[in-house]
Amino acid sequence: KAGVTQTPRYLIKTRGQQVTLSCSPISGHRSVSWYQQTPGQGLQFLFEYFSETQRNKGNFPGRFSGRQFSNSRSEMNVSTLELGDSALYLCASSLHRGESPLHFGNGTRLTVT
Amino acid sequence: KQEVTQIPAALSVPEGENLVLNCSFTDSAIYNLQWFRQDPGKGLTSLLLIQSSQREQTSGRLNASLDKSSGRSTLYIAASQPGDSATYLCAVTRNGFYFGSGTKLNVKP
Numbered sequence: 007k008a009g010v011t012q013t014p015r016y017l018i019k020t021r022g023q024q025v026t027l028s029c030s031p032i033s034g035h036r037s038v039s040w041y042q043q044t045p046g047q048g049l050q051f052l053f054e055y056f057s058e059t060q061r062n063k064g065n066f067p068g069r070f071s072g073r074q075f076s077n078s079r080s081e082m083n084v085s086t087l088e089l090g091d092s093a094l095y096l097c098a099s100s101l102h103r104g105e106s107p108l109h110f111g112n113g114t115r116l117t118v119t
Numbered sequence: 023k024q025e026v027t028q029i030p031a032a033l034s035v036p037e038g039e040n041l042v043l044n045c046s047f048t049d050s051a052i053y054n055l056q057w058f059r060q061d062p063g064k065g066l067t068s069l070l071l072i073q074s075s076q077r078e079q080t081s082g083r084l085n086a087s088l089d090k091s092s093g094r095s096t097l098y099i100a101a102s103q104p105g106d107s108a109t110y111l112c113a114v115t116r117n118g119f120y121f122g123s124g125t126k127l128n129v130k131p
């Protein structure tokens, strides 16, 4: 069974631009969550989607948004990029929301210059 | 707001030693607690998940315990091996997922 797939693997953007990251969950998994990982702040929860609806949201500004499609694939968007948005963005999927282990992708490394 | 703390931040042990990693959380109203390992440049790999109604879970040389009332969990690794070298993170689930900052483990041959 294929794991969680995140694309692209690496991304370089300029301050002020916007970016879209993609996540394909494990087949059959309907819950998808997103995280930002930085050396200073560690791993921080961005948001969780289930059945195309955002179920929970972390403490991030409105520049960070996401969505989930009917096939459970998810995208996150960051608008008006700032230097501090440089991070590893991780996506995870799970079979049963709140009950099953999280399965992570290898992440998208975003660098903002 | 849920705060998750992991102690120690780093640990170096000789091969074969048994060791304990600690995780504490401030809000005991959780659905579950998970332990992960992360290798450099990679995503996280789930090791163990303990539901809020459970006290412990075991997988091979790993044993995780949960004491919800005191807001603590421990991950016990028996007979450590160099391949166990990684960063270990714990996370609690309720209205989102909240991670500790991790314990970086180095097992020396």
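Chains as they are written, first to last, in the working numbering: chain E, 7 to 119; chain R, 23 to 131.
Using N, Cα and C, we set each Cβ at its ideal position, and we do this for glycine too.
Bear in mind the structure is a predicted one, so any value in this text is a computation, not a measurement.
In chain R, what lies closer than 8 angstroms to residue i by C-beta?
| i | result |
| --- | --- |
| residue 107/E | 56, 68 and 71 |
I'd like to confirm the pairing. Which residues does DSSP put opposite residue i in its beta bridges?
| i | result |
| --- | --- |
| residue 89/R | 94/R |
| residue 36/R | 130/R |
| residue 93/E | 116/E |
| residue 101/R | The partner list for residue 101/R (beta bridge, DSSP) is empty, contrary to what the question assumes. |
| residue 68/R | 58/R |
| residue 22/E | Answer is none; residue 22/E lacks a bridge partner. |
| residue 62/E | 54/E |
| residue 72/E | 82/E |
| residue 48/E | 44/E |
Can you list the residues of chain E that residue i reaches, using a CB-CB cut of under 7 angstroms?
| i | result |
| --- | --- |
| residue 65/R | 96, 110, 111, 112 and 113 |
Starting from residue i, find everything on chain C with Cβ-Cβ shorter than 8 angstroms and list it in chain order.
| i | result |
| --- | --- |
| residue 53/R | No chain C is part of this structure, whose protein chains are labelled E and R. |
Looking at the unbroken beta strand (DSSP E) that takes in residue i, where does it start and where does it end?
| i | result |
| --- | --- |
| residue 108/R | 108–115 |
| residue 55/R | 54–60 |
By the criterion of Cβ-Cβ separation under 7 angstroms, what are the contact partners of residue i in chain R?
| i | result |
| --- | --- |
| residue 64/E | 118 |
Using 8 angstroms for Cβ pairs, my map puts residue i next to residue j. What's the rounded Cβ distance?
| i | j | result |
| --- | --- | --- |
| residue 98/E | residue 42/E | Wrong, their Cβ atoms sit about 13 angstroms apart, outside the cutoff. |
| residue 70/E | residue 62/E | Actually they do not touch by this definition, with Cβ atoms about 13 angstroms apart. |
| residue 86/R | residue 72/R | 6 angstroms |
| residue 111/R | residue 88/R | Not quite, the Cβ-Cβ distance comes to about 15 angstroms (not below 8 angstroms), so this is no contact. |
| residue 115/R | residue 104/E | 6 angstroms |
| residue 129/R | residue 35/R | 6 angstroms |
| residue 85/E | residue 24/E | 4 angstroms |
Using a Cβ-based criterion (distance less than 7 angstroms to any ligand heavy atom), does residue i qualify as near the ligand NAP?
| i | result |
| --- | --- |
| residue 41/E | Within the structure as shown, the ligand NAP is missing, as the structure has no ligands at all. |
Chain E contacts made by the segment 101–130 of chain R, where a contact means CB separation under 9 angstroms: Cβ contacts with chain E: 111, 113, 115, 116, 117, 118, 119, 120, 121, 122, 123 and 124.
Residues of the segment 34–57 of chain E whose Cβ lies closer than 7 angstroms to any Cβ of chain R, in chain order: If the cut-off is 7 angstroms between Cβ atoms, the segment 34–57 of chain E has 39, 48, 49, 51 and 54 near chain R.
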